[in-house]
Each structure stands twice: as structure tokens, then as C-alpha cells.
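Visitor: This structure is in C-alpha cells; I'll ask about it shortly.
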Amino acid sequence: MGELKSGPLKGIRVLDLADPEGLYCTKLLADLGADVIRIEPPGGDPARKIGPFYKDESHREKSLYWFHYNTSKRSITLNLQTIDGKELFKRLSLKADIIVETFAPGVMDDMGVGWKKLSRANPRLILASITRFGQKGPWKQCEASDLVGVAVGGLLSTCGWPDRFPEKIGGSQAYHMASVQAAVGILMALYQRVKTQEGRHIDISMHASIPVSLMVSVPIYEKTGEIRKRDGDRHTDPANGIFPCKDGYIDFRLRIQRWDDFVHWLDTDGMAGELKDDKWKDPWFRQRPKNLQKIDEMFSEFLMRHTKKELYEDGQKRGFEIAPVNTVREVAENAQLRARDYFVPVEHPELDTTLEYLGPPYRLSLTPWKISTRAPLIGEHNREIYENELGLDRQEITTLVQAGVI
Amino acid sequence: MVAAMEMGETLPLTGLRVLEFAYFVAGPLVGKLFADFGAEVIIIESEAHLRTHASSRQPGHGALDLTSLNQGNMFNRYGTNKLSLKLDLNHPKGVELSKRLVAVSDIVLDNYAPHVMERWGLTYDVLSEIKSDIIVINMPTMGRGGIYRHHRATSWNLLAMAGFNYISGTEENIPICPGVYSHPDVSCNPFHAMIALLSALYHRELTGKGQHIELSQFESTVCFTETAIFDFLVNGRTQERIGNRSDHAAPHGVYRCKGDDQWCAITVFSDDEWRALCNTMSRADLITNRKFSTLQARLRNVEELDRIVEEWTCEKMAEEVMHSLQSAGVPAGKVQDVADLLERDPQLKEWGYWIHVDHPETGKSKGEGWGFELLDSPQPRSRHAPLLGEHTDYVLQEILGMSEEEVNQLIIDGVIR
């Protein structure tokens, strides 16, 4: 496995005990070259039950959720509820650079593998503890899913339609926010460790990783007391928002200083009408609700005559901030992503196939991002690690298997 | 100037120098991460660059107002702990001086459109000639290559391009991406950039080698779609848009509570959580009701289930719903708005999330902190964002060793403006 790995984090050993809120964190480290060992309970990790599934076959080795978040990792099984399991974990932690865990505060201590013990045995260890609310404070024992995370973190209050309930943005944003902030903290500690030779315990709160998304609603509230809430598609500026066109929708963001170009664009179809009058050049005039509505209506009429593709290409040529509202299929088939080979093939010998995966979030010239292997099978690397690395013999392994430890 | 350093404490990134060529949100947030955690981050900016950073120094998006360049919300939020060097990069001497700074820096951070740094001649090839182990990141919206490389995009455009509109909300609504603000600018894009930079820095410590990082904001945003696009790539399927619901938990939604526009999110994954919810609602009868006794049954009858839950929540305050369910072990949380988070949330207070910043022109305000904390370490700094050109003398004289006369000549020559 070691020789398959490349990337800036090559040589770094990570023990991965993360639930879904931390899975993206360890995926990021693994795809950057770290040797991430996923520790699963015997029988397999609960995340393997999360769909969708390959060809809709509900099976522990066919979860696309598992595939996506566990690329480039290895897997061992280990029952941390047993004394032998804890001993093996301690031995593994001696050789680890980083441990990522998502237990409730205090659970690692109760299991006898808390920060103090681990770091005494391995002072260079970095322990990243990702929790819903952090290690201290009145809510530290509270539970949260992704939806609860975006609710308490503030993002959900800005999402949805004003006449409906708050409605979340897709893609598990609370888990992702916790994961990326965890990875940043880990890498800061890793960088600092080069100089100090000392590890760190990092406290990551999913809750506190989200309010950054409130952006300007913070200064607006501080200045005016206004609480910004979900706006749906309310257009606060003319020609700003999502508009239907001939074959779908486009997203258009007109800047004030581009007014003349905008009118000229409508005029190419002879549809600028009265907007050509000089009085419309005044941004304050355009901003009046009735006028704003008028502009959006005329713009919509213009848009309905054209397709997404025409509008995107022509609008971009004119330097507007315009984008097609892509369907899932259109993202998968997107010409720019395809031209840059964004999607990457990953072999799945057991399924006798190669699947296309989402590609790199970043491209490093010298030490590229890479999916080195598909997600591991349950305990796929037990022998490699227990036998070759920890030096257990076959008899010992058999005993541990029979005792339900691995 | 820097509290932590005066006390002799070292933050994780102390000793690093970052040159920031950035505007709006995603780039400046990366610079803020560096600056908050100890690096010396120098913003190179000028009144002459109207189309680049000066626009984010504006309080609104209106016509450029030179009298208010120190009052822009966005700039001041994301500019904490940074230094400002006033330098006109459209002047050859401005470019030359910035190159002299590159020679003594670790990182060059750029989120302008691709042609901007190219026009100034500040590309990776040139910069790595000046300093061989420099780490340069460019964050073009569409990437530096490919057929749409010159295309523009705001972060709303990015959400649309990356498919977020079609993986959010429900079928009965047109695909509007719910959300007032530009999510990729404060989530995937700055944090992915920071992860790439820190990894490259770590690699440089071991090998002495710098490198060039490219982050296409479009690609980085697609990485935050979880399995929706992947499911299409593998199974050829477009998932149904199910909004707040889940296909492996029920109830899983946001429920109206007592008061004006108050809501609580409740999610029930296991049978234990289901029993706890029923008991808390004083509806033990539901536990054995065949319509709801299993997850499959609850998913089948989810509309009715949601109504039952909301009948209970709408009589109670959101905080009460949250805490009574939490005490019973059910994940639940109030939909907190900006006032909740700034004024009331006791957990964020304990975390010390909001940073008090005092700015000479805009006064006191609360700035955002981060979701991670390195324990037993000095805490991030909280100096206000720099005034335009506030540190020009410091940078040119202390870092580049120029004399006062030389600096004055640069003002006369129109290089510092």
C-alpha cells in the first residue's frame, strides 16, 4: 500500500474513527497521500448502510456513500469495547501521526484511550476530536445530525422560501463544514509539529464551524437590528436571480455598472423597449420595486426566447455573470469538467468494473491529489496490519477473531 | 501590534509571510486563516485597481467612493490581522517591488480572474524564478484551462453550475437554491484552498520544494455535492429532490414552533430515538401503532407523521422542543437566526466564537471565529483589518530595507497610491 501512495502527506499515518461528520476530513487526508486506516467494528461500519447503492443492491460492500467518503483508505476491524481491542488500539496509536475521532466528549477517556494517555505514550500524536458542539459548554452532550447542525449553526435560517419552512441546501453541508475545518486544524498542527516535535489535541465543533456562512447578515444585524432570513428567489436587485428560459433556468447577476451593456443585450432582440430611455440609467430609479419588477419581466421575456446554452455562451462573451442552472446530468456531462478530466476512473475489481468518481478539489503541481485505491472492503487490511506491522502470529489473530475483537 | 507575539507566544503559522492578491470573500478568507493564526499577511492593493480589491473595500456595490475605502463590511470582516501595502501594480515599479517581496515570502495567494496576475506578469513561472520554493495558489472560478477558462462566475453562479439548485429543495418548487448568501465562498472554496496550501507547506518543510496550486472554484464546489452527482455517474440516476427529508430517517424535518417564524429541526434515525420522541410528546400510543412502528412504516406515512409532530411542536417554544428532546436523546435543534447566534446561544459563547474587533473608522463589531481550536495553544489574534496603505512604511522600510527618501520618491512617482 505504502508504495501506491503519493502526495504531500505521504508517510503520515492516520487512524480514522470518524462518523459521517468526519468522513470527508479523512478522505481529504487520504487523497493527499496520508495512510489512513479506517477502524471498523467487526461486521463493518454503520456508514456502509447509507445509500445510494451500486445498482441499487443494498449491500455492505456496495454503498456509494461509503465508496465516496473512503477512497484511498485502508480498513481494519477492531472492537474497541473489548480490553484486547483497546490494547491493540493503543499499540496502533504509538505509530500514528493523527487520530480523527467523533465520539461524544469524555468517551475516549472512559475507554482508557483519552488524550492524556495517548499523548504521554506518543508525544508527537495529533488528536482531532470532532463533535457536534465541542468538548466543553452547556450543549456538549447534545446530539446533532446534519440537519440539526445547519439549524443550530445558522445556515438553515437563510435557506428556503419565505412562505414555507426553512429548507436546507443539499449535500450534508454541516458535515462538510466540520470536516474541512477539522482538516485545516490538523494540518496547522502538523505543520507546527515539524518545528516543535509536539502533537496537539484539536477540538472541532460542527456547530461553531457553520456561522461563518451568515456573512453580511452579521453586520446588517449589528447596524440595523434587521434579522435576515430565507429569501427564496426574492430579487433585491434588478436582473439578479434565477430566471426561466426556453429549456430550463439560468442564474444571472447583473452588476450596477453593466446597465448599458445589459440594455444593449436585450436590444439585440429588439426587446429593450423603454429601458433605452435615459431615466433608467439611474440605479436608484431602477431599484424602486415597480421598476425592478418591470426590468425582470422584460428580461424574462427576452430569456424565454433562448436556450440555456445560447444564453450562457452569449452572456459570457459579453462579460456578464451568468450560468446555466445545471441538472445533475448536466453537471456530470459538463464540457468544462470533461475538458479538464475532472471526473476520475477508479477500479473496483470485485464488481468487475471501473466507476467514475468526483475529482480533485485542488490541483497541486508537484504532489497531485489522487485517489490511490477504491474504498476498502471490511477488514481488507487486517492481515497486512496485524500480522506484518504489529507482528501478531496466526494463532493470536485466530484467538482475537474468535473473541470478537477483530 | 500583535498581542500573542508580544507575549512571546507562538501561533501555529507564526513566521510565515503571505502576499495576498485577493478580493471579495473566498481569497480573503484564506488570508484571514493565515493571519488569525500568526502568519504575516500583506495585502497588496491600490486605489488604482478599481476592478479588483477596491470593490470589496466598498460598503455597498455602488459606484466607487474613495472616501469610504476603509469602511467596507466585507473587507473589514475578512481582513483581520492583515497588513496593507499600497502599491500600484499597473506601474512597472509596483510590480518590481512586489517581486522583491516575493523573494522574502512563503506564499502568494491570488483569487483574481486569471488574466489579472498574468497581466502584471506575476505568474507562477516568474515567481518561482524569484524564489524557488515559493508556494503559489490561483483560485480562478472555472480553472486555468479548459474551454470555459475565461468565463466569469459569482458564487451564486457556481451553485447553479455545480447542480446545487437541483439537489436542494423539493420537486414542487422551481430549482432555486435555497440560501441568501453565497455558500461556496465561505465553505468549500476557502477551506479547500487552505488545506491545499497547508499540505504544500508541510511538504516544503520536508523537501525544501515549493509548488503551484490551482483551485477551480467550480470543481471545488462540485466536491461538496456528496453522492448526488456520483449516483448519476454510477447508476445514471437523478435523485428525487426531497428537501429536509431523508430516506433513512423519519421524522427528519423542520417543525413550526410557538412564536413568530420559530422552527426546530428534529431527526429520528433509530428505534430508540423514535420511542424517546413518542414519550416526550406524551404519545406512547404511536410506538406500537403499525403506521409508525418501523422506519419503513414511518417513511411510508411521513406526511401524517410530520403533521403529528408539528401539532406537538407548535404549542411549544423552539428552545423547549430542542431541550426536552435532547434530554431524551433525540437529535433536535432550534433553527437559530443571526440574533440567536450573536446574542443568546450559550454554547457559542462558551466556545468564544465571536471575536471583538475595534476598527478606527467603523467602530466595534463582532467578527467570526473558527470551528476548530488547538487546545493548550495561544488563541487567534483579533486586530482590526488594516486601513488602506496602513503598513506601507513598515513593509517597504522594515521588510525591504528602503529609506524614507526612497519611499517618498515612490509617492512622488505615483507608485504608492
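Chains A and B are the protein sequences, given in the same order.
Quick note: the numbering used here has the first sequence finishing at residue 406, numbered continuously throughout.
Quick note: the numbering used here has the second sequence finishing at residue 823, numbered continuously throughout.
Here a beta-carbon is modelled for each residue, glycine too, at the ideal position from N, C-alpha and C.
For A:G319 and B:I619, what's the separation of their Cα atoms in angstroms?
Guide: Between A:G319 and B:I619, the C-alpha separation is close to 26 Å.
Visitor: Measuring CB to CB, does A:H176 end up less than 7 Å from B:F481?
Guide: Cβ distance not < 7 Å, so A:H176 and B:F481 don't count as in contact.
Visitor: Under 7 Å Cβ-Cβ, which residues of chain B neighbour A:K62?
Guide: What A:K62 touches in chain B: nothing, since even the nearest Cβ is about 10 Å away.
Visitor: Please decide whether A:C25 counts as near chain B, where near means a Cβ-Cβ distance under 7 Å.
Guide: No, A:C25 lies away from the interface with chain B (no Cβ there is under 7 Å from its Cβ).
Visitor: With three or more C-beta pairs closer than 8 Å as the rule, is the stretch 49-66 of chain A touching the stretch 130-139 of chain A?
Guide: With the cut-off at 8 Å, the stretch 130-139 of chain A and the stretch 49-66 of chain A do not touch.
Visitor: Please tell me whether B:L747 has its Cβ less than 7 Å away from any Cβ of chain A.
Guide: So, interface residue.
Visitor: Suppose contacts are defined by Cβ-Cβ distances below 7 Å. Is B:F636 in contact with B:M567 by that definition?
Guide: In this structure, B:M567 does not lie closer than 7 Å to B:F636 by Cβ.
Visitor: Looking only at C-alpha atoms, which of B:A602, B:L475, B:Y429 and B:P590 sits nearest to B:V522?
Guide: The shortest C-alpha separation from B:V522 is found at B:Y429.
Visitor: At least one CB of chain B closer than 7 Å to the CB of A:R253: is that the case?
Guide: Chain B contact via Cβ: present.
Visitor: For B:G500, does the count of other Cβ atoms within 10 angstroms reach 16, so buried, or fall short, so exposed?
Guide: Classification of B:G500: buried, given that the 10 Å Cβ count is 16 or more.
Visitor: Could you tell me whether the Cβ of B:F778 comes closer than 7 Å to any Cβ of chain A?
Guide: So yes, B:F778 belongs to the interface.
Visitor: Can B:A655 and B:V674 be called in contact, C-beta distance under 7 Å?
Guide: In contact: B:A655 and B:V674 (Cβ atoms closer than 7 Å).
Visitor: Have a look at A:I83 and A:K27 and give me their C-alpha separation to the nearest angstrom.
Guide: Spanning the two alpha carbons is a distance of roughly 29 Å.
Visitor: Could you pull the start and end residues of the beta strand (DSSP E) that A:N240 belongs to?
Guide: First-last of the beta strand (DSSP E) with A:N240: N240 to C245.
Visitor: Got a sec? Which residues, its chain only, sit under 8 Å from B:A682 by beta carbon, not counting five neighbours each side?
Guide: Only L731, A734, G735 and V736 meet the Cβ criterion.
Visitor: Excluding sequence positions up to five away, which residues of its chain have a Cβ less than 7 Å from the Cβ of B:L435?
Guide: Here the set comprises Y484, V592 and P596.
Visitor: Among residues of its own chain, excluding the 5 on either side of A:L214, which ones have a beta-carbon nearer than 6 Å to its beta-carbon?
Guide: G154.
Visitor: State the CB to CB distance for the pair B:G549 and A:R340, rounded to an integer number of angstroms; the pair is presumed to be in contact (CB under 8 Å).
Guide: Right, their Cβ atoms sit about 6 Å apart.
Visitor: Is it buried or exposed for A:K308, if we count other Cβ within 10 angstroms and need 16 for buried?
Guide: Flag for A:K308 reads buried.
Visitor: Just to confirm, is the Cβ distance from B:E632 to A:G171 under 7 Å?
Guide: Against a cut-off of 7 Å, the Cβ pair of A:G171 and B:E632 comes out as a contact.
Visitor: Any beta carbon of chain A sitting closer than 7 Å to that of B:M600?
Guide: Chain A, which has a Cβ nearer than 7 Å to the Cβ of B:M600, makes this yes.
Visitor: Drop a sphere of 10 angstroms on the beta-carbon of A:F285, count the other beta-carbons inside from all chains shown, and report buried for 16 or more, exposed for fewer.
Guide: Exposed.
Visitor: Mind checking the stretch 227-249 of chain A against chain B and listing, in chain order, the residues whose C-beta falls within less than 7 Å of any C-beta there?
Guide: Result list: I227, R228, K229, R230, D231, G232, D233, I242 and Y249.
Visitor: With 7 Å as the threshold, decide whether the Cβ of B:D512 is near any Cβ in chain A.
Guide: Cβ-Cβ to chain A under 7 Å: no for B:D512.
Visitor: To the nearest angstrom, how far is it from the Cα of B:L781 to the Cα of B:I536?
Guide: Straight-line Cα distance between these residues: approximately 38 Å.
Visitor: Cβ of B:N544 less than 7 Å from any chain A Cβ?
Guide: Taking Cβ atoms only, chain A never reaches closer than 7 Å to B:N544, which makes this a no.
Visitor: Would you mind stating whether B:H598 and A:P8 have Cβ atoms separated by less than 7 Å?
Guide: For B:H598 and A:P8, no; Cβs fall outside 7 Å.
Visitor: Which of helix, strand or coil does DSSP assign to B:R706?
Guide: In the structure shown, B:R706 sits in a helix (DSSP, three-state: H, G or I).
Visitor: Taking 6 Å as the line, does the beta carbon of B:T694 fall inside it for any heavy atom of the ligand GDP?
Guide: Absent from the structure shown: the ligand GDP. Ligands present: none.
Visitor: With a threshold of 7 Å between beta-carbons, can B:P418 be considered close to chain A, or not?
Guide: So yes, B:P418 belongs to the interface.
Visitor: Leaving aside the five residues before and after B:V715 along the sequence, list all residues of the same chain whose C-beta is less than 6 Å from its C-beta, in chain order.
Guide: Within the same chain, B:V715 has close Cβ partners P657 and Y661.
Visitor: Taking Cβ to Cβ, would you say B:K722 is nearer than 7 Å to B:K664?
Guide: Their beta carbons are under 7 Å apart, which means B:K722 touches B:K664 by this criterion.
Visitor: Would A:L156 pass as a contact of B:V514 if the rule is Cβ separation under 7 Å?
Guide: In this structure, B:V514 does not lie closer than 7 Å to A:L156 by Cβ.
Visitor: How many angstroms separate the CA atom of B:E804 from the CA atom of B:E812?
Guide: About 13 Å.
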